[in-house]
Each structure stands twice: as structure tokens, then as C-alpha cells.
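Contents: one structure, followed by commentary.
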Amino acid sequence: MLIPFIAVILSLILMVWSADRFVDGAAATARHFGMAPLLIGMVVVGFGTSAPEMAVSALAASQGSPDIALGNAYGSNITNIALILGVCALICPLSVDRQILRKELPILLGVTLFGAWLLYDGTLSRLDGWLLLLVFTLLMAWTIWQSVRQHRGSMQPLTYPAEDGMPIRIALFWLLAGLVLLVLSSQVMVWGAVKIAQGFGVSELLIGLTIVAVGTSLPELASSVIAARKGEHDIALGNVLGSNLFNTLAVVGIAGTIHPMPVTAEIMSRDIPVMTVLTLSLLVLGYGLRKTGTIGRFKGIFLLACYIGYTLYLINSAVSSGT
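Those letters in the sequence shown? Residues 17 to 339, by our numbering.
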């Protein structure tokens with residue numbers, strides 16, 4: 017049991033480090049080729065922080081561990097809202113622009129309900145996976161097109177300062193090396209998590225919803241906390257909302273196309289409802305009588321309490337059922 021524990025810890029560290037290197041390399045490469053800042057933030061950083069979830073769920077699906085694949089995706093969504101936004105709000109109250117309440121949050125809620133509807137029959141089929149990926153592709157294309165159209169006049173290619181920049185050969189190296197290390201560390205994490213689950217007799221779903229979900233959400237946690245400390249509230253919120261869209265559509269979709277899998281009853285009766293209620297709660301918590309609402313420290317404590325209560329319930333359920 018010692019080796020799997022060490023493998024999980026080391027893979028978590030390597031995963032976070034490689035994700036950071038991947039994002040740095042990708043952003044630097046984008047700057048060198050003159051991509052607009054908006055597209056860098058939406059596509060490169062959004063994909064980078066969700067890459068661990070994609071890699072873990074894809075590898076878990078290919079290795080026949082559906083509970084880790086789905087538990088990682090939905091557990092990460094719960095972690096993103098309850099833990100990450102809760103911590104960010106404790107550090108600095110988050111301003112919520114009315115635009116987020118009118119567009120981003122309703123879209124995320126709709127995507128969540130669409131994903132739950134596809135899984136209602138108790139199976140994630142290849143068709144379900146392709147439908148999720150199709151919606152993801154259309155949504156990303158529409159979002160980028162809207163952003164380009166609305167900000168066409170102000171979007172200028174970045175000039176890359178030589179004194180602060182990363183040479184293109186180094187940027188390309190970290191872009192490729194970071195992605196390779198992400199995949200390798202994810203594979204080690206899946207192996208270690210499965211071994212731990214088998215050794216303790218704990219269900220793979222519990223491992224996926226807790227250890228793996230938190231581990232793959234560390235890039236979002238780090239970037240959102242840093243953004244909150246710097247007063248970049250839209251980045252902190254946008255990172256979480258964008259990551260949840262990636263997880264619900266791309267992560268689950270990729271897993272389904274690789275290997276059709278049964279959906280555990282607990283996911284439908286417990287985890288998806290919790291994820292949906294937390295998403296809906298952001299609409300309530302972020303609402304303000306003025307143009308902007310605020311998720312303050314009291315609301316942050318509420319979100320953290322939800323996460324702690326959910327985690328304790330998972331542990332208690334596992335102990336009670338003897339799994």
C-alpha cells in the first residue's frame with residue numbers, strides 16, 4: 017500500500033507542476049504567433065486547467081474504471097464551486113457581473129441538466145459522449161465568435177516583450193513536455209487510486225469524487241486563488257465556470273467515446289443533484305440589486321460548509337455500507 021500512496025502524492029505534484037508548465041508554454045506560444053489575449057484566456061488557459069481532468073477520465077475509462085472517470089468529472093465540478101470559490105471568497109469577496117448571471121451561469125446550468133438527461137437511462141454510451149462533445153464544440157465556437165465580434169475593434173495581437181518573454185523554442189518544449197507529463201502523471205494517479213481503493217475496500221467512486229477530484233482541481237484552485245488575491249474577480253469566476261463546462265461536456269464526453277460505461281446509481285441520486293444545486297446556488301448567491309452582486313466571506317463560508325458536509329457524507333456512506 018505504501019507504493020500506491022507515494023505514487024498518488026508524487027503524481028499529484030507532477031500533475032500540478034506539468035499543468036503550470038503546459039499553460040506557460042501554450043500562452044507563450046500563442047503570444048509569439050500573435051493570438052489575441054481574449055482567445056488565450058478562453059482556449060489555452062481554459063483547456064490547460066482542465067487537462068488533468070481530461071487525462072485522468074480518459075485513462076480511467078480506457079482501463080475500465082468508470083466510477084473514477086465520472087467521479088473525477090463531477091467531483092471536480094463540486095470541488096470547483098464549493099471549495100475553490102469558497103476559499104476565494106474568504107480571501108477576497110468576489111464581485112459577480114450581471115453578464116455572468118445572464119449568460120454564463122444559465123448556460124452552465126443548462127449544460128448540467130443536459131448531461132444529467134443523457135445519463136438518466138443509467139448508461140454513458142458512445143452516442144452520449146459524441147453528443148456532449150458536439151455541444152462542447154458548438155458552445156466554444158459560438159463563445160469565441162461572440163467575443164471576436166463584440167471586441168473586434170479592441171482586440172489587438174500581443175506584442176511579445178523580449179526582455180520578459182520565453183523564447184519560442186522553450187515555449188514549444190514546455191507545451192509538448194507539459195502535455196506528455198500530464199498524461200503520464202494522470203496514468204500513475206489512476207493506477208495508485210485504483211490500488212488504494214482495492215486495498216482498503218473503498219469504492220472507486222468515493223476515490224474519484226474525493227482524492228482524484230481534488231487533485232485534478234488543484235490547477236483551478238491555484239489560479240483562482242491567485243486571481244482573487246490580485247482582485248481579478250472575473251478571472252477567478254470565469255476559471256471555475258469554464259472548467260465546469262469543460263468537465264461536464266468534454267471530460268465526460270471523451271470518457272464516453274473511449275469506452276461506454278454504466279452510471280452508478282449514486283451518481284444520479286447524489287452527485288449530479290448536488291452539482292446541479294450548487295450551480296443553481298451561484299445564481300442566488302451572486303445576485304445583486306445593483307449591476308454587480310457579491311459573493312462575500314459569509315457566502316464563502318456557506319460554500320465551504322457545503323463542501324465539508326458533502327465530503328463527510330461520502331465518507332460516512334462508505335463506512336456505513338462497508339465499502
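For every residue, glycine included, the Cβ atom is placed at its ideal position computed from N, Cα and C.
key: Three-pair Cβ contact test at 8 Å for the stretch 22 to 37 versus the stretch 192 to 206   = The stretch 22 to 37 is in contact with the stretch 192 to 206.
inquiry  = Please classify L154 as buried or exposed, where buried requires at least 16 neighbouring CB atoms within 10 angstroms.
reply    = Counting Cβ neighbours within 10 Å, L154 comes out exposed, since fewer than 16 surround it.
message = Among D40, M70, L265, whose alpha-carbon lies nearest the alpha-carbon of L129?
response = Comparing C-alpha distances from L129 to each of D40, M70, L265 shows the shortest one belongs to L265.
ask   = Where do the ends of the alpha helix (DSSP H) carrying D113 lie?
value = The continuous stretches of alpha helix (DSSP H) do not include D113, which lies in the beta strand (DSSP E) extending over residues 110 to 113.
key: Sequence ranges, beta strand (DSSP E) only - wholly within the stretch 236 to 295, length at least 3   = For the stretch 236 to 295, not a single whole beta strand (DSSP E) run of length 3 or above is found.
inquiry  = Am I right that R118 and P276 are in contact with their C-beta atoms under 8 Å? What's the rounded C-beta distance?
reply    = With 8 Å as the limit, R118 and P276 do not qualify as a contact, their Cβ atoms being about 37 Å apart.
task = For L140, name the three-state secondary structure that DSSP assigns.
result = It is a strand residue.
key: Bridge partner(s) assigned by DSSP for G309   = Its beta-bridge partners are V112.
query = Using DSSP with H/G/I as helix, E/B as strand and the rest coil, what is Y303?
reply = The answer is coil: DSSP assigns Y303 none of H, G, I, E or B.
inquiry  = If I measure Cβ to Cβ from L298 and keep anything under 7 Å in the same chain, skipping five residues before and after, which residues do I get?
reply    = So the qualifying residues of the chain are I97, L121.
ask   = By the 10 Å Cβ neighbour count, where 16 or more other Cβ atoms means buried, how is M70 classified, buried or exposed?
value = Buried is the call here.
request  = Identify whether M171 lies in helix, strand or coil by the three-state DSSP scheme.
outcome  = For M171, the predicted model reports a pLDDT of 44, less than 50, meaning its position is unreliable; a value from the coordinates is still stated below. When DSSP states are grouped into helix, strand and coil, M171 belongs to the coil group.
Through-space distance from L110 to I94, alpha-carbon basis = Straight-line measurement puts the Cα of L110 at about 18 Å from the Cα of I94.
message = Between the alpha carbons of W133 and G272, how many angstroms are there, rounded?
response = About 15 Å.
query = If you drop the 5 nearest sequence neighbours on each side, which residues of the same chain put their C-beta closer than 6 Å to that of G131?
reply = Closer than 6 Å at the Cβ level, and outside the excluded window around G131, lie T264.
inquiry  = Given a cut-off of 7 Å on the beta-carbon distance, is the pair A42 and L191 in contact?
reply    = Yes, the Cβ-Cβ distance between A42 and L191 is below 7 Å.
request  = Determine the DSSP secondary structure at M31, reduced to helix, strand or coil.
outcome  = When DSSP states are grouped into helix, strand and coil, M31 belongs to the helix group.
With 16 other Cβ atoms within 10 Å as the buried cut-off, status of M17 = For M17, the number of other beta carbons within 10 angstroms of its own is below 16, and it is reported as exposed.
query = How should G215 be labelled, buried or exposed, when 16 other C-beta atoms within 10 angstroms of its C-beta is the threshold for buried?
reply = It is exposed - the Cβ of G215 has fewer than 16 other Cβ atoms within 10 Å.
Pair within 7 Å by beta-carbon distance, G316 and G102 = Against a cut-off of 7 Å, the Cβ pair of G102 and G316 comes out as a contact.
ask   = For L121, which three-state DSSP category applies?
value = Looking at L121 - three-state DSSP - the assignment turns out to be helix.
task = Using three-state DSSP, classify P20 as helix, strand or coil.
result = P20: helix per DSSP, three-state reduction.
ask   = Does DSSP put M182 in a helix, in a strand, or in coil?
value = The answer is coil: DSSP assigns M182 none of H, G, I, E or B.
query = Out of curiosity, what's the CA-to-CA distance linking K211 and T232?
reply = Approximately 18 Å, taken between the alpha carbons.
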